[in-house]
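So the sequences go chain by chain: A and B. Under my numbering, think of the first position of the first sequence as 11, with each following residue one higher. Under my numbering, think of the first position of the second sequence as 10, with each following residue one higher. Reviewing the structure listed below.
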Amino acid sequence: MPDRRIAITGVGVICCLGANASEVWEALRAGRSGIGPITKFDPTGLRNTEAGEVPVGRGCLSPPACLPLAAGSGDPALQPEDDATRFALVAATEAMASAGIDLNTCDPTRVGLVCSTNFGGATSWDAFVSAQAQGESATALLRRFRFDDAGDEIASRLGLQGPKTVISNSCSSGAHAIGHGADLIRLGRADAVLAGGHDALALSALAGLSALRTITAEKCRPFDLNRSGTIFGEGAGMVVLEEMTAARRRGAPILGELLGYAVNNNAYHMTAPDKDGAGLTMALRVALADAGVSPNRIDYISAHGTGTSYHDVAETRAIKAVLGDHAYRLPVSSIKPATGHLMAAAGAVEAITCLWAMRDGIVPPTLNYDTPDPDCDLDYVPNHAREASVRVAVSISSGIGGNNVALVLGKGDA
Amino acid sequence: MTPRIVITGIGAITAVGIGDAFIPGLATASPPTGAEPLAVSDFAVEDYLDTTKTYLDRASEFALASANLALKQAGVVPDAETRWRRGIALGTAYGCLDTMEKFTEALHAKGARLANPLLFSHSYANTPTGLAAIEYQLAGPHATFCSGALASADALAFAVDTLRAGRADVMVAGGFEVLSEPRRQASEEQPPLGEGAAAFILETADHAEKRGARVYGRILAIAAAGPSAVWKALERAAAEALALARVDPKQITAAWSASPCRRVEGWQRAGLAHLIPTAIPVRHACAIFGSTEGAGGALALAAALAQPGVALVSSVDRTGACVCMVVGA
């Protein structure tokens, strides 16, 4: 892979904590959680009736209250119909605006797009199956369900004409999208890439995750002795990636740098993690080698930290296997109790969290942490944000199917 | 120097033939008539698996079987020692839609408390790729692309880039798509719909040579372009792929295309008109296999490799975005 430095010049986020990046970061550093009762569908029968919903009116759920500032989106009637696509469009629009990329003054064929999603337009899918059961035609609903619906909407509305793709690697998707987007720039296929993930809460997705007992019946408390599962959320996270020299030349804000990444698979089990964390260990090692960063240079780890019994142990073991004693000297936290597990968006939003931690010297807490677990014996930043000098951060993501991704991020100021 | 990428195994599951029957079937295939979907017949996943499965979506069956055929042809045996250096990337537009439908219908009928976890875990778009990774010990770089008609071409591009970057020694890459009632309803494709899968074993020429592998084809270059009015993106990507491959357009002996509908097929001829000799017909994968959307690029590549020469294989999606490969058989 050509040795080109990758700058991150724009970010966009929407989730239960807010409809833009600054709102979400403010809530995270304040230790607020956006988890609340599910209102968008009847949650009866789920293990937990709470989740991280984007509040109505914030995620363009009530147009035209927060129409994306995208070309061609001025007409409320032209709002995307599916929640997941709306979230993706909101985050994409914010990311492009914050990067200050003007497609009228650059070559749009050199601006690419890497979207990712677990469930596509899941709300449209649920509506489709319901309509079908009632004998109604619902072809339009099914078209909105397509995994590439959000990407096509973003490309069309924002005018991106570079390479465009969609990754579906379950809950590591958003992180993989960022790594893949960086590769497109390193390979010279694009000058800038908008990359990230999106997903929306829908009954079918939550019912399945509930049946798998991934969802806790109480609070999500990663790394805590009494953890019993995760809580899901919805939203999107998008970043703008550019080659560092070109970004500096145009005076772009350098929010951070993607130093390296790795993606792999446990090749072990579809739904259960490898308890030894072998896949995560290898992903961390390969990502650090790709970044040219030694383990003792890591200042913060944004953990996948789902709060599920086995995964948190596997992740802790992987961190210790790669970092050795240094693992005990750095903060490791999970924002999932605050945002909910954002599925494909999780890896992207957590990578963005690393950028904020580096910028402000504050690491977000792991909420709901009460009782230490001897098998999870690192510093998980319990319940309150903390000041910390962070120059290199790692964001870890995993997903159903055994996928793992590690992103190594730097401040980008050198 | 950029490592050369070779194909050392091909596994095709198609309506015209499976495995060794693919090339003879391709030679005698005639364009489909009528609107009846083109289904893969005489297929039983048990014929391709050493393990017994409780449940598999047909998409997972296709992924597992095509990967099995390709790995066997390449002589690549699952191996714990090298598993981190072997990866997989597959593409699909719709994933496991049939299982999604079964799961959701039962959910709506019985309620969330009785939702079926087995069906759910087999309904993810990345389930087939994950199952293949487990079955064949492919623990290295891993991806499922769901970019509509570009999906399997994107997966092949990811695999090529992964190998060139030295991130893996062997990549299984390709795509799958299966017939389902929801897909029939969702499709913007012209009938007939089709189904199928093709998986390829990719490795660097050096790696293949060291282990004495037979080479069935080479991927010389891949280029992609984003959404564009009609055929402009295709023209751009094809020109870039030819330049990267250092192939004079006059050397092209065949052109294959995969697209979701006949509207796009027209763009493809126009997009290539200025680049390759007009005497070279553009052959459409859907005229042989039916419209196989996410698998189209992989099936077009398998068809292109059935004939000697240098071929241009292009995939174009509903927005005009495309991926072009220059390949040598």
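Yeah, the Cβ is synthetic: ideal placement off N, Cα and C, and Gly gets one too. For clarity, every value in this text was computed on a predicted model and none was experimentally measured.
Residue-chain proximity (residue i, chain A), Cβ-Cβ < 9 Å
{"i": "Ile-143 (chain B)", "result": "yes"}
{"i": "Ala-152 (chain B)", "result": "yes"}
{"i": "Trp-240 (chain B)", "result": "no"}
{"i": "Thr-262 (chain B)", "result": "no"}
{"i": "Met-334 (chain B)", "result": "no"}
{"i": "His-283 (chain B)", "result": "no"}
{"i": "His-131 (chain B)", "result": "yes"}
{"i": "Gln-277 (chain B)", "result": "no"}
{"i": "Asn-135 (chain B)", "result": "yes"}
{"i": "Ile-97 (chain B)", "result": "yes"}
{"i": "Met-10 (chain B)", "result": "no"}
{"i": "Asp-163 (chain B)", "result": "yes"}
{"i": "Asp-326 (chain B)", "result": "yes"}
{"i": "Phe-112 (chain B)", "result": "yes"}
{"i": "Gln-82 (chain B)", "result": "no"}
{"i": "Met-109 (chain B)", "result": "yes"}
Short Cβ contact (9 Å threshold) for residue i with residue j
{"i": "Arg-39 (chain A)", "j": "Ala-293 (chain A)", "result": "no"}
{"i": "Thr-101 (chain B)", "j": "Thr-153 (chain B)", "result": "yes"}
{"i": "Ile-97 (chain B)", "j": "Val-181 (chain B)", "result": "yes"}
{"i": "Val-86 (chain B)", "j": "Leu-80 (chain B)", "result": "yes"}
{"i": "Phe-129 (chain A)", "j": "Ala-185 (chain A)", "result": "no"}
{"i": "Ser-156 (chain B)", "j": "Gly-161 (chain A)", "result": "yes"}
{"i": "Ala-101 (chain A)", "j": "Gly-206 (chain A)", "result": "yes"}
{"i": "Phe-155 (chain A)", "j": "Ser-178 (chain A)", "result": "no"}
{"i": "Tyr-4 (chain B)", "j": "Gly-412 (chain A)", "result": "Since the first and last residues shown for chain B are 10 and 338, residue 4 (chain B) lies out of range."}
{"i": "Ser-344 (chain A)", "j": "Phe-242 (chain A)", "result": "no"}
{"i": "Pro-40 (chain B)", "j": "Ile-231 (chain B)", "result": "no"}
{"i": "Pro-425 (chain A)", "j": "Gly-41 (chain A)", "result": "Residue 425 (chain A) lies beyond the range of chain A shown here (11 to 424); nothing can be said about it."}
{"i": "Leu-188 (chain B)", "j": "Met-334 (chain B)", "result": "no"}
{"i": "His-336 (chain A)", "j": "Ser-408 (chain A)", "result": "no"}
As assigned by DSSP and simplified to three states, the class of residue i
{"i": "Asp-159 (chain A)", "result": "helix"}
{"i": "Tyr-57 (chain B)", "result": "helix"}
{"i": "His-321 (chain A)", "result": "helix"}
{"i": "Ala-351 (chain A)", "result": "The question names Ala, but residue 351 (chain A) is His in the sequence shown. Looking at His-351 (chain A) - three-state DSSP - the assignment turns out to be strand."}
{"i": "Val-224 (chain B)", "result": "coil"}
{"i": "Ser-399 (chain A)", "result": "coil"}
{"i": "Pro-283 (chain A)", "result": "coil"}
{"i": "Lys-10 (chain B)", "result": "For clarity, residue 10 (chain B) is Met in the given sequence; the question names Lys instead. The answer is coil: DSSP assigns Met-10 (chain B) none of H, G, I, E or B."}
{"i": "Phe-154 (chain B)", "result": "strand"}
{"i": "Phe-51 (chain A)", "result": "coil"}
{"i": "Gly-203 (chain B)", "result": "strand"}
{"i": "Asn-413 (chain A)", "result": "strand"}
{"i": "Glu-360 (chain A)", "result": "helix"}
{"i": "Arg-122 (chain B)", "result": "helix"}
{"i": "Cys-60 (chain A)", "result": "A quick correction: the sequence has Glu, not Cys, at residue 60 (chain A). Here Glu-60 (chain A) sits in strand by DSSP."}
{"i": "Asp-51 (chain B)", "result": "coil"}
{"i": "Leu-194 (chain A)", "result": "helix"}
{"i": "Cys-25 (chain A)", "result": "strand"}
{"i": "Pro-173 (chain A)", "result": "coil"}
{"i": "Leu-229 (chain B)", "result": "strand"}
{"i": "His-117 (chain B)", "result": "helix"}
{"i": "Tyr-310 (chain A)", "result": "strand"}
Below-9 Å beta-carbon distance, residue i vs any chain B residue
{"i": "Ser-108 (chain A)", "result": "no"}
{"i": "Gly-20 (chain A)", "result": "no"}
{"i": "Ala-221 (chain A)", "result": "yes"}
{"i": "Arg-199 (chain A)", "result": "yes"}
{"i": "Ile-410 (chain A)", "result": "yes"}
{"i": "Pro-47 (chain A)", "result": "no"}
{"i": "Arg-441 (chain A)", "result": "Nothing can be reported for residue 441 (chain A): it is not among the residues displayed for chain A, which extend from 11 to 424."}
{"i": "Leu-152 (chain A)", "result": "yes"}
{"i": "Arg-327 (chain A)", "result": "no"}
{"i": "Thr-119 (chain A)", "result": "yes"}
{"i": "Arg-156 (chain A)", "result": "yes"}
Legend entry - Any beta strand (DSSP E) of 3 or more consecutive residues that is wholly inside the region 255 to 333 of chain B: 261 to 267, 291 to 293, 319 to 325
Inset, instruction - Give, in chain order, every residue of the region 158 to 189 of chain A whose Cβ lies closer than 8 Å to some Cβ of chain B. - result: Asp-158, Gly-161, Asp-162, Ala-165, Ser-166, Leu-170, Gln-171, Gly-172, Pro-173, Lys-174, Thr-175, Val-176, Ile-177, Ser-178, Asn-179, Ser-180, His-186
Inset, instruction - Anything in the region 265 to 298 of chain A with a Cβ closer than 9 Å to a Cβ of chain B? List those residues in chain order, please. - result: Ala-272, Val-273, Asn-274, Asn-275, Asn-276, Ala-277, Tyr-278, His-279, Met-280, Thr-281, Ala-288, Gly-289, Met-292, Val-296
Legend entry - Contacting positions in the region 129 to 144 of chain A - beta carbon closer than 9 Å to chain B: Phe-129, Gly-130, Trp-135, Asp-136, Phe-138, Val-139, Ser-140, Gln-142, Ala-143
Legend entry - Runs of alpha helix (DSSP H) lying entirely within the region 89 to 157 of chain A, each at least 4 residues, in chain order: 93 to 109, 132 to 143, 149 to 155
Legend entry - Residues of the region 203 to 230 of chain A with Cβ closer than 9 Å to any Cβ of chain B, in chain order: Leu-213, Ser-214, Ala-215, Leu-216, Ala-217, Gly-218, Leu-219, Ser-220, Ala-221, Leu-222, Arg-223
Inset, instruction - Please specify which runs of the alpha helix (DSSP H), each continuous and at least 4 residues long, are wholly inside the region 222 to 300 of chain A, giving them in chain order. - result: 254 to 259
Legend entry - Near-chain B residues of the region 31 to 62 of chain A - C-beta to any C-beta below 8 Å: Pro-53, Thr-54, Gly-55, Leu-56
Inset, instruction - Starting from the N-terminal side, write out each stretch of the beta strand (DSSP E) that is 3 residues or longer and does not extend beyond the region 10 to 49 of chain B. - result: 14 to 23
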